[in-house]
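Heads up: the structure comes next, in structure tokens.
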Ligand code: NAI
Ligand code: MG
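Numbering (this note's numbering), first residue to last: 28 to 514.
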């Protein structure tokens, strides 16, 4: 079912100070194609010593290099050049994420790449619009503020949207004049390395972007704890987020965390049911469910519960699951054996706790980490499958009658990343938008993103907002300057 790889990738190195280098230890790690379980290539494995070198390079580039000081608009031009080259290399980048992550080529091509390109365009436009204020203070003083870059930024990203997560973090950091050390996820380092090549070709000065692939507890932890890193931006699991937060305490570096979710997708009887079915499909099966804001808790108003699930399972059964490189594939492989096993064990737990399988509930095929689109019904909000982030194509349907009780359950999660409401009643929708504790609310849609619109979590889904003008807050600091006019 899964076609053989039709391209060859050379061994990959670390990007430090504008040079491609081996790791200090000389170690390599394997990156696997989850659709075939075969090795794609080996990559230099960064560890603490490599992070030290990368941070030193980023520090030098920040303090001495031109990046922070060049005309802001010229920074924008380099970001635009990077955007242009990402566009020229879009097929290769899409293919790299597809073989490395297992997601369908139609999605990397039509979702990840356009969003990454748009994000670069958006932040290229901000470079010369980041400015301070003049402030009417008391007395004979002139007071103004300057918005300056934070300095050396460490960025630790996950594997679910490898290139896009890199760009979400790198583009605003560079636009604000920072220098960066990026640690890609060990499962999916390839597109970030290609992006590093592109940045060099675009003329980004040496040391401004350093890329150190490696494992979390080694390279990742060293970056989070580094005493000369001014800020860490992290996306990933909650337990890792806590470790990053503790590690950051050493030099009190600022942090932003984008963590997990267990987002409620709420369908009322007065909604356009077919659109809501589409939304529920996208909400849980897009990217094999490996989405932090996946609509994994599906609250269905009792009156339409049966009809809705019938339509949804019919659609789920017709999803084409298989070879990620086939343009017609709609759902690919889970990223790794670890993730595959984790999802199957959650499915077992759902069965054991008495939830009813409507469709799916097992692996798909016998090679590659494919899981069938899975729908559980008769789920209680207190079951493990309704409480914990599964990060797979597994949705839990929960029927409701009473609005207040449903809101209580929707908010009854330590997470608060996103929520969606499907209804034709606009007052109800807007009222719920206020009551739901989540960083993003979708009304009659799901999984909408735009480089200009902020994204981030309430509660234990993290803090700090990426994208939009809000990302500038993460990557700048404000300096207040006083001038005595009385002398
Ligand atoms: P993870 O949080 O361990 O990995 C994310 C990134 O953090 C990777 O680059 C990893 O190398 C790094 N990392 C790991 N340990 C670290 C440490 N001690 N210090 C610094 N960096 C560290 O996530 P993992 O283990 O890949 O996935 C496990 C679960 O996490 C998934 O099943 C899913 O539930 C959740 N997850 C959530 C994501 C999100 O977007 N919110 C993304 C990826 C995973
Ligand atoms: Mg982990």
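We treat Cβ as the ideally placed atom computed from N, Cα and C, and that holds for glycine.
Remember, it's a predicted structure, so these values are computed and weren't measured experimentally.
By C-beta, the residues closer than 6 Å to any heavy atom of the ligand MG, given in chain order: Per the Cβ criterion, the list is 243, 264 and 267.
Residue 186 beta carbon near the ligand NAI (any heavy atom closer than 7 Å): Checking every heavy atom of the ligand NAI against the Cβ of residue 186, one is found closer than 7 Å.
Under 8 Å between C-beta atoms of residue 240 and residue 264: No, these two residues do not count as a Cβ contact at 8 Å.
Going by beta carbon distance, what residues of the same chain come within less than 6 Å of residue 20, once the five residues before and after it are set aside? This structure does not reach residue 20, given that the chain is present from 28 up to 514, and the question cannot be answered.
Please determine whether the Cβ atom of residue 183 lies at a distance below 7 Å from any heavy atom of the ligand NAI. If you check the C-beta of residue 183 against the ligand NAI, you find a heavy atom less than 7 Å away.
Contact set for residue 87: own chain, Cβ-Cβ below 7 Å, skip 5 residues either direction: 234.
Check whether residue 474 and residue 310 have beta carbons under 8 Å apart: Contact check for residue 474 against residue 310 passes: the beta carbons are separated by less than 8 Å.
Could you check the C-alpha separation between residue 121 and residue 324 for me, to the nearest Å? Going by the C-alpha atoms only, they are around 30 Å apart.
Residue from 290, 139 and 192 whose Cα sits closest to the Cα of residue 468: Selection 290, 139 and 192 evaluated against residue 468 yields 290 as nearest (Cα-Cα).
Between residue 466 and residue 488, how many whole angstroms is the CB-CB distance? I'm expecting something under 8 Å. Sure, about 7 Å apart at Cβ, within 8 Å.
Segment contact, 8 Å Cβ cut-off, at least three pairs: the stretch 221-238 with the stretch 250-262: As far as the Cβ criterion goes, the stretch 221-238 does not touch the stretch 250-262, which means the pair count is below three.
What is the rounded straight-line gap between the Cα of residue 50 and the Cα of residue 74? Each residue's Cα considered, the two are about 8 Å apart.
By Cβ distance, which residues of its chain are closer than 6 Å to residue 48, with the 5 residues on each side in sequence left out? Excluding sequence neighbours, residue 48 sits near 40 and 41.
N- and C-terminal bounds of the beta strand (DSSP E) containing residue 283: Segment 281-285, the beta strand (DSSP E) holding residue 283.
Does the beta-carbon of residue 315, which I'm using as the reference point, lie nearer than 7 Å to any heavy atom of the ligand NAI? For the ligand NAI, not one heavy atom lies less than 7 Å from the Cβ of residue 315.
Under the rule that 16 or more other beta-carbon atoms within 10 Å means buried, what is residue 46, buried or exposed? Per the 10 Å Cβ criterion, exposed.
Check whether the Cβ of residue 412 lies closer than 8 Å to any Cβ atom in chain D. You won't find chain D in this structure, because it holds only one protein chain.
So who's on the other strand from residue 144, going by DSSP bridges? Answer is none; residue 144 lacks a bridge partner.
Heavy atom of the ligand NAI within 7 Å of residue 212 beta-carbon: It does: the Cβ of residue 212 is within 7 Å (strictly closer) of some heavy atom of the ligand NAI.
What does a CB cutoff of less than 6 Å around residue 162 pick up in its chain, not counting 5 residues either side in sequence? Taken in chain order, the residues that qualify are 170.
Classify residue 260 as buried or exposed, calling it buried when 16 or more other Cβ atoms lie within 10 Å of its own Cβ. Note on residue 260: 16 or more other CB atoms within 10 angstroms of its CB, so buried under the neighbour-count rule.
At the level of alpha carbons, what is the spacing between residue 462 and residue 281? The straight-line gap from Cα to Cα measures roughly 30 Å.
With distances taken between CB atoms, is the gap from residue 242 to residue 479 smaller than 8 Å? Not in contact: residue 242 and residue 479 (Cβ atoms no closer than 8 Å).
Straight-line Cα distance separating residue 113 from residue 136: Between residue 136 and residue 113, the C-alpha separation is close to 12 Å.
Given residue 294 as reference, the closest of 53, 56 and 425 once Cα atoms are compared: Considering only alpha carbons, the answer is 425.
Meets three-Cβ-pair contact criterion under 8 Å: the stretch 413-422 and the stretch 450-458: No, because fewer than three Cβ pairs between the stretch 413-422 and the stretch 450-458 fall closer than 8 Å, the two stretches do not touch.
Taking only the alpha-carbon atoms, compute the straight-line gap between residue 257 and residue 507 and give it to the nearest angstrom. Rounded to whole angstroms, the gap between the alpha carbons of residue 257 and residue 507 is 19 Å.
Spatial neighbours of residue 33 within its chain, please: CB distance less than 6 Å, with the 5 preceding and 5 following residues excluded, ordered by chain position. Reliability of the predicted coordinates at residue 33 is poor, the pLDDT of 49 falling under 50, and the value obtained from them is presented with this limitation in mind. Exclusion of the five residues before and after residue 33 leaves no residue of its chain whose Cβ lies closer than 6 Å to its Cβ.
Look up residue 174 in the DSSP assignment and give the residues it is bridged to. Answer by DSSP bridge pairing, in chain order: 505.
When you compare only the Cα positions, how much space is there between residue 185 and residue 511? Looking at the backbone, the Cα of residue 185 and that of residue 511 are separated by about 49 Å.
Of the listed residues 354, 115, 349 and 430, nearest to residue 360 (C-alpha basis): Among 354, 115, 349 and 430, the Cα nearest to that of residue 360 is on 349.
Range covered by the alpha helix (DSSP H) that runs through residue 393: Run containing residue 393: none; DSSP gives neither H nor E here.
I'd like the list of long-range same chain contacts for residue 308, defined as Cβ closer than 6 Å, with 5 residues on each side in sequence excluded. Its chain contains 342 as the residues whose beta carbon lies nearer than 6 Å to that of residue 308, once the 5 sequence neighbours on both sides are disregarded; these appear in chain order.
Is DSSP giving residue 52 helix, strand or coil here? Reduced to three states, the DSSP call for residue 52 is coil.
Would you mind reading off the limits of the alpha helix (DSSP H) that contains residue 166? If you look at residue 166, you'll find it isn't in any alpha helix (DSSP H); DSSP assigns it neither H nor E.
What do you get for residue 71, buried or exposed, if any count of 16 or more other CB atoms within 10 angstroms of its CB means buried? Under this definition residue 71 is a buried residue.
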